[in-house]
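**Q** What follows is a single structure, and I will ask about it in a moment.
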Amino acid sequence: MNREITQPRADVRQFSVQLSATRRGARLARLLATEQLRSWGLPLEDAAHIVAELAANATTHGLVPGRDFRLTLAVTAADTLRIEVTDARGDRLPAAQEPGDGESGRGLLLVDALADHWGVISGPAPCKTVWAELTFVQRGVGKASLSV
Numbered sequence: 033m034n035r036e037i038t039q040p041r042a043d044v045r046q047f048s049v050q051l052s053a054t055r056r057g058a059r060l061a062r063l064l065a066t067e068q069l070r071s072w073g074l075p076l077e078d079a080a081h082i083v084a085e086l087a088a089n090a091t092t093h094g095l096v097p098g099r100d101f102r103l104t105l106a107v108t109a110a111d112t113l114r115i116e117v118t119d120a121r122g123d124r125l126p127a128a129q130e131p132g133d134g135e136s137g138r139g140l141l142l143v144d145a146l147a148d149h150w151g152v153i154s155g156p157a158p159c160k161t162v163w164a165e166l167t168f169v170q171r172g173v174g175k176a177s178l179s180v
C-alpha cells in the first residue's frame, strides 16, 4: 500500500481571527491585520484599506445579530497576500457598483482598484467569504512591496 505523507508548507504564513460584527470589530480587524503584516515585513497601506472595507461591509451588510465575522490573512510562496472576510449573510452577495449620491457604495470600488483579484465564495451555509489578493515583490531581505 502506498501512502503519501504531506508535510505542511513552511513558506505559507496564515493569520485568522474571529471578531464581533460591530464597528469596533471592523476597526480591530484593520489594526490586527496591520500588526500582522508588519510582523511579516509586508507593506501595509493597500492591504489595510482592503481589510477595512471588507470588515466594514461584513459588519454593515453581512450582519446577523449574535453572529461574528472572521478575518483571515495568508501569504503563499507565490508572493500573494490573500485577505478573506467571512460573514453570516450568504444571501447578500456584494458587487462593485458606481456609487449613488449617498455616502456608501464606494467600498468595493476601492477593493477593485487596489486588489489584483477579488471575489466571493458562497458557503458553508449561511456564510459567504469575500476575498481579495495582492501580489508582492521581494526587495531584499525582510522588505517587500505590493504590486497592483
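Quick note: to get this note's numbering, add 32 to the position in the sequence shown (first position is 1). Even for Gly, the Cβ is constructed at its ideal location relative to N, Cα and C.
Counting only the same chain and skipping the five closest in sequence on each side, list residues whose C-beta sits under 8 Å from that of L187.
**A** An answer regarding residue 187 cannot be provided, because it is not within the stretch 33 to 180 covered by the chain.
**Q** Look at the alpha carbon of E85 and the alpha carbon of L141, and state the distance between them as a whole number of angstroms.
**A** Working through the sequence shown from its first residue, we reach residue 85 at position 53. Working through the sequence shown from its first residue, we reach residue 141 at position 109. Roughly 10 Å between the two C-alpha positions.
**Q** Secondary structure at V180, three-state DSSP: helix, strand or coil?
**A** Your numbering for residue 180 matches position 148 in the sequence shown. Here V180 scores only 44 on pLDDT, less than 50, and its place in the model should not be relied on; the value that follows carries that caveat. DSSP places V180 in coil when its eight states are reduced to three.
**Q** Buried or exposed for L125, please, with buried defined as at least 16 other CB atoms from any protein chain shown within 10 angstroms of its CB.
**A** By 1-based counting over the sequence shown, the position of residue 125 is 93. It counts as exposed.
**Q** Name the DSSP bridge partner or partners of T104?
**A** As a position in the sequence shown, residue 104 is number 72, starting the count at 1. Paired residues: S48 and E116.
**Q** Would DSSP call L166 helix, strand or coil?
**A** Along the sequence shown, one-based indexing puts residue 166 at 134. Strand.
**Q** Within a Cβ cutoff of 6 Å, which residues of the same chain sit near T92, ignoring the five residues on either side of it in sequence?
**A** The residue you call residue 92 lines up with position 60 of the sequence shown. Once the five neighbours on either side are set aside, T92 has no close Cβ partner at all.
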